[in-house]
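Everything on this sheet refers to the single structure shown next.
Protein chains: 2
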Amino acid sequence: MSINKEGSSPPAPVPRIPGFSRAASTIYNLKYALIDNTSPLAVMTKSQALQSNLDVDYVICYRFAKTDKTKAIAQFEKLCETLANVGLQTEVRNGDAHSVLLFVRVASDEHLYGEVYRSRVRDWVHGVRAAAPPKETKSALESEPLYEAERLRIIYQLITNPTYEGGAGITPKEGEWKGVESIFALHDHAYNKDWIKKWTSSYFLKTEDLDDIRNRLGEKIAFYFAFTQSYFTFLMFPAAFGFASWLLLGYFSPIYGLGCAVWCTVFTEYWRHQETDLAIRWGVRNVSKIDIRHRSFEPEKTITDPVTGEKVGFFASSKRFQRQLLQIPFALTVVACLGTVIATCFGIEVFISEVYNGPLKSVLVFIPTGILTTVNPILITILTQFATRLNQFENYDTQAAYDTALTRKIFVMNFILSYLGIFLTAFVYVPFGTLIVPYLDIFNVAVRPFAEDEKQLHHTNTSWSINPDRLRKQVIYFTVTAQLVNLGMELVVPYLKRRGFAWFKQMQSDRAAKNGGAPAASANDPPEDAAFLERVRKEAELDVYDVTADLREMVLQFGYLSLFSVVWPLTAVSFLINDWVELRADAMKICVEMQRPTPWRADTIGPWLDSLSFLTWLGSLTTSALVYMFYNTNKGPDGSPSNIQLWALLLTVFFAEHLFIILRLTVRHVISKIDSPGLQKERRERFMVRKQYFEENLSALKKLPTLSGSGGEINRKNLEEEARESSLRTSTPESRFWGRQRGWKETAAVAKNLIERAQNETTPQVKKEL
Amino acid sequence: MSINKEGSSPPAPVPRIPGFSRAASTIYNLKYALIDNTSPLAVMTKSQALQSNLDVDYVICYRFAKTDKTKAIAQFEKLCETLANVGLQTEVRNGDAHSVLLFVRVASDEHLYGEVYRSRVRDWVHGVRAAAPPKETKSALESEPLYEAERLRIIYQLITNPTYEGGAGITPKEGEWKGVESIFALHDHAYNKDWIKKWTSSYFLKTEDLDDIRNRLGEKIAFYFAFTQSYFTFLMFPAAFGFASWLLLGYFSPIYGLGCAVWCTVFTEYWRHQETDLAIRWGVRNVSKIDIRHRSFEPEKTITDPVTGEKVGFFASSKRFQRQLLQIPFALTVVACLGTVIATCFGIEVFISEVYNGPLKSVLVFIPTGILTTVNPILITILTQFATRLNQFENYDTQAAYDTALTRKIFVMNFILSYLGIFLTAFVYVPFGTLIVPYLDIFNVAVRPFAEDEKQLHHTNTSWSINPDRLRKQVIYFTVTAQLVNLGMELVVPYLKRRGFAWFKQMQSDRAAKNGGAPAASANDPPEDAAFLERVRKEAELDVYDVTADLREMVLQFGYLSLFSVVWPLTAVSFLINDWVELRADAMKICVEMQRPTPWRADTIGPWLDSLSFLTWLGSLTTSALVYMFYNTNKGPDGSPSNIQLWALLLTVFFAEHLFIILRLTVRHVISKIDSPGLQKERRERFMVRKQYFEENLSALKKLPTLSGSGGEINRKNLEEEARESSLRTSTPESRFWGRQRGWKETAAVAKNLIERAQNETTPQVKKEL
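Line by line, the protein sequences give chains Y and P. Counted the way full-length UniProt numbering counts, the first sequence spans residues 1 to 770. Counted the way full-length UniProt numbering counts, the second sequence spans residues 1 to 770.
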């Protein structure tokens, strides 16, 4: 495991990979050279510009292209005033065409500390921290210094939080603040360079490396890296086991299938456990339980909150539930749209490769891939918009509920997009192939122009049989080729986009200069800030990093492993290599291709964990079905459904599923018994707090005599005596009953008498009976 | 629902059932007359003896029959001293043969209040209460008065808790305190009589009635009654729906099956929700999370607790897990033992009723019932002992873990005992009947003595077909006859036992008196206490009430409904009637047949909830399988397995199971959205505490200037100025960068300039391009 125990020995020297590290460093420098290459003036201070952020906390990019001049000026003035009102100092500089850059920093550290303290008290009250921070702000900050991500988060919240929560209420791209295009912090290039260098030169990441990410980029991004690193480490088992099965057991081995299912279950449950541990380590446990009101929540009416007594917006759950039911038609639409495209392409491909017999076959076979790569992204964009609108229509009141619902919808779309093709091959094409292929003739419209005669367009060969390699090829495509392409796209596309954009702008400004038109934005920069401003203008143009997209990628990759890796046991080997690079490439992407992300907090990877569980469960079904269908022949049924014993297939699946359920319960039980440093730390903290409260509250009681204390003979006697006497004074049946024996010694004496008599009485009786 | 919302309208007049109520009252009086019937002397003060408990809190029954006289006396002296040490006053009286009765009461109320306060602080620290009790003990008790169950629980804990927790450490029947036979409180007969009268005269119980139970008998028992009442209320739906199906749809209706599955799911999930609500209402939420060390826990070694730093006993979870694996052979043994007995009896019964053809058939057919009723209780006793030992061997460190594990084991045994017979009929006899029945000839040994010739012992009729009514008859037997018998047994057996015991003792003492031997225990009683002591002696002989046995009964009953009610839709009607009586009979049992139970706390019905979930899930399998097999013919397959389409059966079950999983998720989601008074109350309390903490902690901060406060023009300006000046003093790149604009107004002015210029520049450029 990558997560070391706390307080372990000092980090062991990590094996270095000098080649890779040097290459990555070069790439990093090169990329930055490219960023700066449009400003020959700035070359002198380039390295300096990369070194320092000039105390800037945030940059606000204000665009006024579409706004009326006077309005824009008034609104900007208001922006400055609002920011000044919450204690932020501002400086304005010229931005790129039709924008200005507003630099923001906290006016005084003491004021920031007040905000930090308030945030920490809020955390404590919501159960994120076990103990309240010390009442002295100074000592609170000394005992637990502010880390960079916390600082940036608090300032960001100061800028964006609504005014009633003490923020400035700036909402980028929304409402009144439509002109505010983005709010971003500046990259810390010195750190970034170190980060990339360190990661590219070590095989494994350690918990300290993740701590570093958390301190710089916040817990949400750190959780992504922690998850990927855990997943990477776990992958070594299926990679080794898969390689061995591939050598020894061949494809569709039930042993591999079982091993893979166990691994998926253990990994999912382990991560669930690990997540808690990390959340405690980073002090963010229960952060997801702090309700943040969703910005676009539209209350139905205003009610008085029965809990807080405040007026709050209310939207009936029942009404929301009715709206949520729209998810069913939405899901059906998604299945229909994407399904049609995928099935059509699948049909065309099968038709061309297995029926069509004319010229250009080797070229035409790429038609479906072409359709998929053009139509699908368009469809996905449309459907995602639809999903977002539906999600907004469902009108969630908290940000967390909104995000969860949206993530689920996106998962459904991606699930279909990623796996439907393989499902079609495995469960439609292979078992029903011979029934279906003749109908594929309808796809001859796609290739009719190329055919020389009708015969080439029809299924003539009567001895046609399904292609047993199709399934494997498809799995290999998705788990190797597609992953590589994806990785490449992630790094190359934004780079090309940026290059193209820079080129376009250069050309435009050249033309403008030629025409004596507008000078470059940098024309009026003070020479000593020029390089810095140039860099800021570049960063303003970068994309915003979306960590869920990366998480989604990992979860979908996990899906291939759990659902289909029995088809090709080397899957995990491919993923292992891919993910080693992916982790570094993502770090690189954040440093180079994206704006510095705002450091949000999180205590979990959220609904993706449910997705993992779901994929693991579904894997138990598909793996068992695949093993049953393909194990014997290694190529599966021959395409006609009559050869499959449906009852046996169902029995296999039924058995496998329930085995899986029992397995999961057992694994969960065992893992829950594992103690981790995080959980221990939490218990220790809670214990200390408890102890302190207990002592505080019971100190008052110490003055009172205790019942259980060793109050001493005299005290006790007095008490009994008192009780007895007070009973005797008022002669009730109770007082007479309790007044017979005076103190415990008398009770014992009476009992002695009774016991002795009882035994004496018995003895003769027994004798008599004998 | 029986649980009304808090603050609802005053209770509506409840329809009275005068007949039943009068009968119950009579029974109650009669029973008490019977208890007292052996003591003619006491008749005069009988009613008085039933009215008052003479301030007695607990009675300790000390038996010395098997102990050496001197030892017994010394130990009893120690007992009195130990009790006095924790502030309890004692009185001793003669008990029945070889026992003495030690009466115990708290010496002074003030001291008890100290204990109560300590207990409440402990609760708060463990998260059971939202707010700490007020520091003044008196005001704490005034604002939240002590209820009887709390008082009795605290005194019981004072007697039994180990000395290091401030108790007297008296452990009944264990170790040093083997002589302490029982510790019990005295019945409050006035209340009991009211209770029975009230319940027997109303159709429904209200939440207030349950509150009453909680105040008297503690939350654990109150939870049983609340559960049974909820279940009873819910039963009305399947009773009505079942009756309608029985009239309109007949047996094995898929519609009824679906309705029943939905009902079971809704009920289980509703109870999960309701349970939380009640726990909050009764202020016991999270009580189950307070760890109480299990008494017989044997640590492997002593370690220093990493959390508290104290020395504690430690037993490795891995070792416990190894021991838990013994549950598998244990479960197999249980299945084998009970399964063999049940299957054998089943075989014999089928053989006699369907193969055997000789004389005495109508009598012999009861042989299997005879075997079952004699062998099963013996087997169950042995297996329960086995289960308890295994459970002890598993060595749980907390009481809760121990109880959960034991409950699970007992559930497995009862599951087999209750349902295996029906499972055999439905899934073995019906589908495989014709294959199996010929082999039943081996059971002819059972009836050989009665047969007249060999022909009567063999399966001669070739056109034999299975008996389609067998399944229904069996279900009716279990859901009507067995329930009635059970109810009767619960009330009658203890009564007969007690009567027999009383008769035996009477006889013995008569004989002793005739022989001039030992006089009755009551011989030396002071006349005014005689009736009271007589009553106490009777109560000392009563059994200890075990609430889990009653809960188990209800859960198993629920099982018949979820698993097999599709066979006979009237099941719920029978249960509805049965449970109305059962609720009252259980109340009666607690009042009359049992010692007053020690009022324990609980915030759940514990592992039985898991059992309910499990039975609901299994019900989705059995119901769908039964519907598939029996729906068309109404008598199922004709006994040969070839007639069942296994694939169709499996497909049905597979489909039903997954439908059920989706249903459960939906129901859980919907129910989680229901707001309940309890949850609201909890949120309100937590909010108040939070608010208070927040105010306390932030009051210190108010003195500090805030960033977000409307600090006013001057303050803000000063701040910015200061920052600017301090920057200028030391001329770093940062200070020069931030020093250019002086306050937000300058920033706005510069921006105005930039914006105006930008727009001016653009305008001509655009024109040029046009």
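Beta carbons are placed, not taken as given, at the ideal position from N, Cα and C, and that holds for glycine.
The beta carbon of aspartate 109(Y) sits no closer than 7 Å to any beta carbon of chain P. Residue pairing by DSSP places asparagine 391(P) opposite no residue, since no beta bridge is assigned to it.
Taking 7 Å as the cut-off, the Cβ atoms of arginine 320(Y) and glutamate 394(Y) count as close.
Within 8 Å of the CB of phenylalanine 654(Y), the CB atoms of chain P belong to Leu650, Val653, Phe654, in sequence order along the chain. Shown here, leucine 618(Y) sits in a helix according to DSSP, grouped into three states. Inter-segment contact for the segment 48-67 of chain P and the segment 176-186 of chain P is present: three or more beta-carbon pairs are separated by less than 8 Å.
The Cβ-Cβ distance between threonine 481(P) and leucine 563(P) does not fall below 7 Å. At a cut-off of 7 Å, the C-beta of histidine 187(Y) has no neighbouring C-beta in chain P. Annotated as proximal: glycine 242(Y) and leucine 570(Y), with beta-carbon spacing under 7 Å. In terms of beta-carbon proximity, histidine 273(Y) stays away from the interface with chain P, with every pair separated by 7 Å or more.
Sorting Leu217(Y), Val262(Y), Thr333(Y) by C-alpha distance to the C-alpha of phenylalanine 234(Y) places Val262(Y) at the top. Following the DSSP letters along the chain, one finds threonine 333(P) in no beta strand (DSSP E) but inside the alpha helix (DSSP H) bounded by residues 327-350. One Cα belongs to isoleucine 371(P), the other to phenylalanine 227(P), and the distance between them is close to 34 Å.
Asparagine 192(P): member of the alpha helix (DSSP H) spanning 189-200, first to last residue. Closer than 7 Å at the C-beta level to chain Y, one finds these residues of the segment 56-81 of chain P: Phe64, Lys69, Ala72, Ile73, Phe76, Glu77, Cys80, Glu81. Exposed is the label assigned to lysine 71(Y), since fewer than 16 other Cβ atoms lie within 10 Å of its Cβ. For chain Y, the residues of the segment 747-758 of chain P that bring a beta carbon within less than 8 Å of one of its beta carbons are Thr747, Ala748, Val750, Ala751, Lys752, Leu754, Ile755, Glu756, Ala758, in chain order. Not flagged as an interface residue toward chain Y: tryptophan 617(P), since no C-beta distance is shorter than 7 Å. Within the segment 683-695 of chain P, those residues whose Cβ lies closer than 7 Å to any Cβ of chain Y are, in chain order, Arg683, Arg684, Phe687, Arg690, Tyr693, Phe694.
Against chain P, the beta carbon of lysine 673(Y) has neighbours under 9 Å at Ser317, Ser318, Arg320, Phe321, listed in chain order. Around the beta carbon of proline 377(P), a 10 Å sphere encloses fewer than 16 other beta carbons of the protein chains shown; the residue is thus reported as exposed. Taking 7 Å as the CB threshold, asparagine 578(P) stays off the interface with chain Y. CA-CA distance, alanine 751(Y) to proline 599(P), rounds to 29 Å. At a cut-off of 7 Å, the C-beta of valine 92(Y) has a neighbouring C-beta in chain P. The C-alpha of serine 253(P) lies about 16 Å from the C-alpha of alanine 426(P). In the structure shown, aspartate 510(Y) falls within a helical segment according to DSSP collapsed to helix, strand and coil. In this structure, proline 368(Y) and cysteine 345(Y) form a Cβ contact; the two beta carbons are roughly 4 Å apart against a cut-off of 8 Å. Per DSSP, leucine 649(Y) is one residue of the alpha helix (DSSP H) stretching across 646-672.
Of all C-beta pairs linking the segment 538-546 of chain P to the segment 583-600 of chain P, three or more are shorter than 8 Å, placing the two stretches in contact.
Taking CB atoms only, threonine 302(P) has no neighbour in chain Y less than 7 Å away. Of the candidates Val266(P), Phe204(P), Met489(P), the residue whose Cα lies closest to the Cα of leucine 576(P) is Phe204(P). At a cut-off of 7 Å between C-beta atoms, alanine 84(Y) counts as an interface residue with respect to chain P.
Between valine 428(P) and tryptophan 568(P), the gap from beta carbon to beta carbon reaches 7 Å or more.
Residues of chain Y whose Cβ lies closer than 7 Å to the Cβ of proline 599(P) do not exist, since the nearest Cβ in that chain is about 19 Å away. Secondary structure at phenylalanine 314(Y): strand, using DSSP grouped into helix, strand and coil. Put simply, the CB of tryptophan 199(Y) is far from chain P, with every gap to its CB atoms at 7 Å or more.
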